[in-house]
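All remarks here apply to the structure that follows.
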Amino acid sequence: MSSKSRLDNAYKKAKIINFDDSSKFILFSDCHRGDNSFADDFANNRNIYFHALKHYYAEGFQYCEIGDGDELWENLSFEPIFEAHKNVYMLLREFHRENKLHMIWGNHDMVYRNPNYVKKHLSTYFDKTLGVDVDLFPGIEYHEGIILKNTTTNQDLFLTHGHQADWWNYLFWKWSRFMVRILWKPLNVMGIADPTSPAKNYSELIKVERRTKKWIIENNNLVTIIGHTHRPRFPEPGDIAFFNDGSCVHPRSITGIEIVNGEISLIKWHIDTNDDGVLQIVRVLLEGPRKLIDYKIS
1 MSSKSRLDNA YKKAKIINFD DSSKFILFSD CHRGDNSFAD DFANNRNIYF HALKHYYAEG
61 FQYCEIGDGD ELWENLSFEP IFEAHKNVYM LLREFHRENK LHMIWGNHDM VYRNPNYVKK
121 HLSTYFDKTL GVDVDLFPGI EYHEGIILKN TTTNQDLFLT HGHQADWWNY LFWKWSRFMV
181 RILWKPLNVM GIADPTSPAK NYSELIKVER RTKKWIIENN NLVTIIGHTH RPRFPEPGDI
241 AFFNDGSCVH PRSITGIEIV NGEISLIKWH IDTNDDGVLQ IVRVLLEGPR KLIDYKIS
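Sequential numbering from 1 applies to the sequence shown in this note's numbering.
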């Protein structure tokens with residue numbers, strides 16, 4: 001199966017979410033939430049991420065996670081990840097209760113493509129205070145792709161993780177997971193990067209981007225938003241409509257994509273100081289906003 005056929009399949013089976021210019025979405029990917037050990041890359045940015053998430057919930061945004069939300073290569077199961085970052089999942093639960101939580105699986109949480117696994121591990125959690133199972137994400141579904149369809153302009157935005165253009169991490173993810181657990185997790189603690197990751201292997205990153213762009217061109221410049229490579233991408237109207245929201249494991253910052261008022265923006269949240277030297281978490285606009293309709297080919 002080629003990159004083209006894998007992307008075609010993800011697009012064909014994608015969940016469709018209708019929206020209009022009054023809708024608000026925040027897109028994050030590659031959180032790689034772990035168990036708060038030395039190998040947990042998310043732990044360094046968890047306060048930034050949680051603050052941003054509270055902002056988006058208060059402002060009525062819908063949340064789209066474009067794969068690799070949970071680090072299930074380094075970790076055997078979801079439970080220790082949940083215990084390490086329980087405040088995050090309690091807030092995500094509020095999005096879910098309001099039907100504003102939309103989840104895509106990536107290569108590091110590819111086990112979520114199995115509905116039975118999702119139901120078993122994510123539906124409830126054990127509340128130690130009450131001594132009973134309590135609802136977490138009952139009825140949640142993970143998808144390989146999501147299509148945001150503008151009901152006013154009939155424009156489609158295709159969201160998928162992007163590992164479809166990375167044959168090794170799509171077809172041989174179980175082997176990669178084994179290598180990460182046995183070899184690369186302990187080496188990661190010592191600062192040695194996993195060479196199978198396109199985020200840490202520039203030549204692989206370029207190949208993934210090239211294959212994805214080729215697919216976009218073949219599909220009438222369909223606006224496509226991925227993660228996987230951890231490299232933020234924001235094209236100008238008229239260019240190939242290839243977007244990447246970056247990741248939540250950048251050094252001291254997280255990046256994402258906002259869709260608000262029919263416009264798209266690339267944003268960053270990071271820790272900064274005010275004039276009095278007080279640390280604060282701030283949102284920075286990196287690119288945009290650009291009107292989504294400007295990317296539509298008539």
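Quick reminder that beta carbons are idealized off the backbone N, C-alpha and C, glycines included.
The criterion of a C-beta distance shorter than 9 Å is not satisfied by Ile146 and His96.
A Cβ-Cβ separation of about 17 Å leaves Asp245 out of contact with Phe19 under the 8 Å criterion.
For Leu286, the closest C-alpha among the options His51, Gln62, Pro235 is that of Pro235. Asp127 sits in a strand when the DSSP states are folded into three classes. With contacts defined by Cβ atoms closer than 9 Å, Gly162 and Val208 form a contacting pair. Counting only the Cα atoms, Asn274 lies some 46 Å from Asn220. Non-local C-beta neighbours of Ser253 in its own chain, meaning closer than 6 Å and more than five positions away in sequence, comprise Lys268, His270, ordered along the chain. Annotation for Tyr63: no alpha helix (DSSP H) segment contains it, though the beta strand (DSSP E) segment containing it runs 62–66. CA-CA distance, Ile297 to Ser247, rounds to 28 Å. For Pro115, the enclosing alpha helix (DSSP H) has its first and last residue at 115–122. Per DSSP, Leu91 is one residue of the alpha helix (DSSP H) stretching across 86–97.
Annotation: Asp40 to Ser5 spans about 33 Å, alpha carbon to alpha carbon. In this structure, the CA atom of Met103 is about 10 Å from the CA atom of Thr160.
Only residues of its own chain outside the window of five on either side were considered, and among them His96, Leu122 have a CB closer than 6 Å to the CB of Phe137, listed in chain order. When DSSP reads this structure, Met103 sits in a beta bridge with Glu65, Tyr142. With fewer than 16 other Cβ atoms inside 10 Å of its own Cβ, Ile16 counts as exposed. For Asp8, there is no enclosing beta strand (DSSP E); the enclosing alpha helix (DSSP H) covers residues 3–12. For secondary structure counted as the beta strand (DSSP E) over 3 or more consecutive residues, the region 199–274 holds these complete runs in sequence order: 223–226, 242–244, 253–260, 263–273. Checking the DSSP bridge columns, you'll see Thr151 has no partner listed.
Only buried fits Phe61, as 16 or more other CB atoms lie within 10 angstroms of its CB. For Asn47, the enclosing alpha helix (DSSP H) begins and ends at 46–58. For the options Leu72, Tyr117, Ser23, Asp166, the alpha carbon positioned closest to that of Thr151 is the one of Ser23.
For Val111, the secondary structure class from DSSP, reduced to helix, strand or coil, is helix.
DSSP places Arg283 in the uninterrupted beta strand (DSSP E) bounded by 279–291. For Lys291, the closest C-alpha among the options Lys13, Pro237, Val180 is that of Pro237. When the beta-carbon positions are compared, Leu266 and Thr229 stay at least 9 Å from each other. Trp215 and Met90 have their alpha carbons spaced roughly 37 Å apart.
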